[in-house]
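Have a look at the structure below before the remarks.
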Amino acid sequence: MIAAFEDDVANGRGGLGNIITWAAGNGLDSDDDSNKDGYANARQTIAVTAITHQGEQSWYAEPGANILVAAHSDGSGEGITTTDIEGSTGYTNTDYTDNFGGTSSATPLASGVIALMLEANANLTWRDVQHILVHSSRVNDANDNSWGLNGAGHDVSHKYGFGAVDAGRAVALAENWTNVDPAMNITSGTRR
C-alpha cells in the first residue's frame with residue numbers, strides 16, 4: 088500500500104500528486120493511538136481526526152503525532168446528516184441518516200475542503216495541499232493543554248493536529264499560493 092501511495096503522489100494528477108486523506112481512527116475508548124496505523128502515519132496521507140460540534144475531541148477519536156487536521160463529526164450527541172444505503176440495509180430504513188459519525192465522517196469533510204482548494208487552484212501539488220491545511224487550520228478547543236507551538240511557529244496538538252479545517256481560509260490561501268519546492272532526500276554519515 089505504501090508503494091501505491093508513493094506512486095499516487097509521484098504520478099497522479101499529471102505529476103502534481105493525488106491527495107490521500109485517511110481517517111485517524113476511532114479506538115480512543117480502547118486506548119488506541121493513530122500513530123500505530125502505518126497508513127495514517129505515511130507522509131503521503133493527510134490523517135484526519137474528529138471533533139464535536141463544540142470543537143472538542145470526539146470520545147472515540149484517537150490521538151497521534153501523525154494527525155494533520157481535525158474536522159467536525161459526531162461525538163456530542165449530534166450526528167452528521169448524509170445519504171444512506173437505500174432501504175433497510177443502511178443505518179436507517181430511509182435513504183438518509185442524521186446519525187453518521189466517526190473519523191470516517193470527518194475525513195470526507197476534510198476532503199471536501201481539499202476539493203474546494205483544488206477548484207480554486209488546480210496547480211497545487213499534494214505537498215502544497217498539506218502546507219495550506221497547516222497554515223489555514225484554526226485552533227479549536229483552545230483551553231485544552233495538548234496545544235503547543237512547534238519549531239515553525241504553528242500551534243499543534245497531539246489530539247487535533249494543526250486544528251480544525253477552515254474552508255474559507257484554505258481556499259483564500261490556495262487562490263494565490265506559490266508552490267513549495269520539490270521534496271529533497273538528504274543523507275549524511277558513513278556506512279560501515
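Plus 87 on top of the position in the sequence shown (first one is 1) and you've got the numbering used here. We treat Cβ as the ideally placed atom computed from N, Cα and C, and that holds for glycine. These figures come from a predicted structure and were not determined experimentally.
1. How far does the alpha helix (DSSP H) with alanine 202 in it reach, from first residue to last?
2. Using beta-carbon positions only, say whether asparagine 153 and serine 191 come within less than 8 angstroms of one another.
3. Smallest Cα separation from isoleucine 167: which of Glu173, Thr139 and Pro150?
4. Among the candidates Thr212, Glu262 and Arg256, whose CA atom is the shortest distance from the CA of aspartate 268?
5. Let me know the secondary structure DSSP gives alanine 129 once reduced to three states.
6. Taking the alpha helix (DSSP H) that valine 96 belongs to, which residues open and close that run?
7. Any idea which residues DSSP pairs histidine 241 with across the strands?
8. For asparagine 210, count the other beta carbons within 10 Å of its own beta carbon; 16 or more makes it buried, fewer makes it exposed. Which is it?
9. Under 8 angstroms by Cβ, that's how I've got threonine 132 and phenylalanine 92 pegged, so tell me the actual separation to the nearest angstrom.
10. Using a Cβ distance threshold of 8 angstroms, determine whether the stretch 214-227 contacts the stretch 175-194, with at least three qualifying pairs required.
11. Please state whether DSSP places alanine 158 in a helix, a strand or coil.
12. Can you pull the DSSP bridge partners for leucine 236?
13. Could you give the first and the last residue of the continuous beta strand (DSSP E) run that contains isoleucine 107?
14. Note down the Cα distance separating asparagine 208 from threonine 277, rounded to an integer number of angstroms.
15. Can you confirm whether the stretch 141-156 touches the stretch 255-263 when touching is taken to mean that 3 or more C-beta pairs between the two stretches lie within less than 8 angstroms?
16. When the Cα of phenylalanine 187 is compared with those of Val200, Tyr247, Gly164 and Asn272, which residue comes out closest?
17. Please report the straight-line C-alpha distance between serine 244 and serine 275, rounded to a whole angstrom.
18. Less than 6 angstroms between C-beta atoms, sequence neighbours within five positions excluded: which residues of the same chain meet that for tryptophan 109?
19. Tryptophan 264 and alanine 215 - do their beta-carbons sit closer together than 8 angstroms?
20. Which residues bound the beta strand (DSSP E) around aspartate 185?
Concretely, from the data shown:
1. Mapped onto the sequence shown, residue 202 falls at position 115. Note, alanine 202: alpha helix (DSSP H), 190-207.
2. The residue you call residue 153 lines up with position 66 of the sequence shown. The residue you call residue 191 lines up with position 104 of the sequence shown. No, they are not a contact pair.
3. Locating residue 167 in the sequence shown gives position 80, counting from the first residue. By alpha-carbon distance to isoleucine 167, the top candidate from Glu173, Thr139 and Pro150 is Thr139.
4. Residue mapping note: residue 268 aligns to position 181 of the sequence shown, counting from 1. Its Cα nearest to that of aspartate 268, the residue Thr212 stands out among Thr212, Glu262 and Arg256.
5. As a working mapping, residue 129 is identified with position 42 in the sequence shown. In this structure, alanine 129 counts as coil in the three-state DSSP scheme.
6. Mapped onto the sequence shown, residue 96 falls at position 9. Taken as a continuous stretch (DSSP letters only), the alpha helix (DSSP H) holding valine 96 covers 89-98.
7. Counting from one through the sequence shown, the residue named residue 241 turns up at place 154. According to DSSP, residue pairing for histidine 241 in a beta bridge does not occur.
8. By 1-based counting over the sequence shown, the position of residue 210 is 123. Asparagine 210 is exposed by the Cβ-count criterion.
9. What you label residue 132 is simply residue 45 of the sequence shown in a count that begins at 1. What you label residue 92 is simply residue 5 of the sequence shown in a count that begins at 1. So it is a contact: roughly 7 angstroms between Cβ atoms.
10. No, they do not touch.
11. If you number the sequence shown from 1, residue 158 lands on position 71. Alanine 158 falls in the strand class under three-state DSSP.
12. Here the question's residue 236 lines up with position 149 in the sequence shown. Under DSSP, leucine 236 takes part in a beta bridge, and its partners are Asp242.
13. As a first step, residue 107 is located in the sequence shown; it is residue number 20 there, counting from the start. Segment 107-110, the beta strand (DSSP E) holding isoleucine 107.
14. Counting from 1 along the sequence shown, the entry for residue 208 is found at position 121. Counting from 1 along the sequence shown, the entry for residue 277 is found at position 190. Those two C-alpha atoms are separated by around 43 angstroms.
15. Not touching, per the Cβ criterion.
16. By 1-based counting over the sequence shown, the position of residue 187 is 100. A check of alpha carbon separations from phenylalanine 187 across Val200, Tyr247, Gly164 and Asn272 identifies Gly164 as the nearest.
17. Translated into positions along the sequence shown, residue 244 becomes position 157. Translated into positions along the sequence shown, residue 275 becomes position 188. Spanning the two alpha carbons is a distance of roughly 31 angstroms.
18. Working through the sequence shown from its first residue, we reach residue 109 at position 22. If we look at tryptophan 109 and ignore the five residues flanking it on each side, its Cβ neighbours are Tyr126, Ala127, Thr132 and Ala134.
19. Working through the sequence shown from its first residue, we reach residue 215 at position 128. Working through the sequence shown from its first residue, we reach residue 264 at position 177. Before going on, a small fix: residue 215 reads as aspartate here, not alanine. Taking 8 angstroms as the Cβ cut-off, aspartate 215 and tryptophan 264 qualify as a contacting pair.
20. Your numbering for residue 185 matches position 98 in the sequence shown. That run of the beta strand (DSSP E) goes 183-187.
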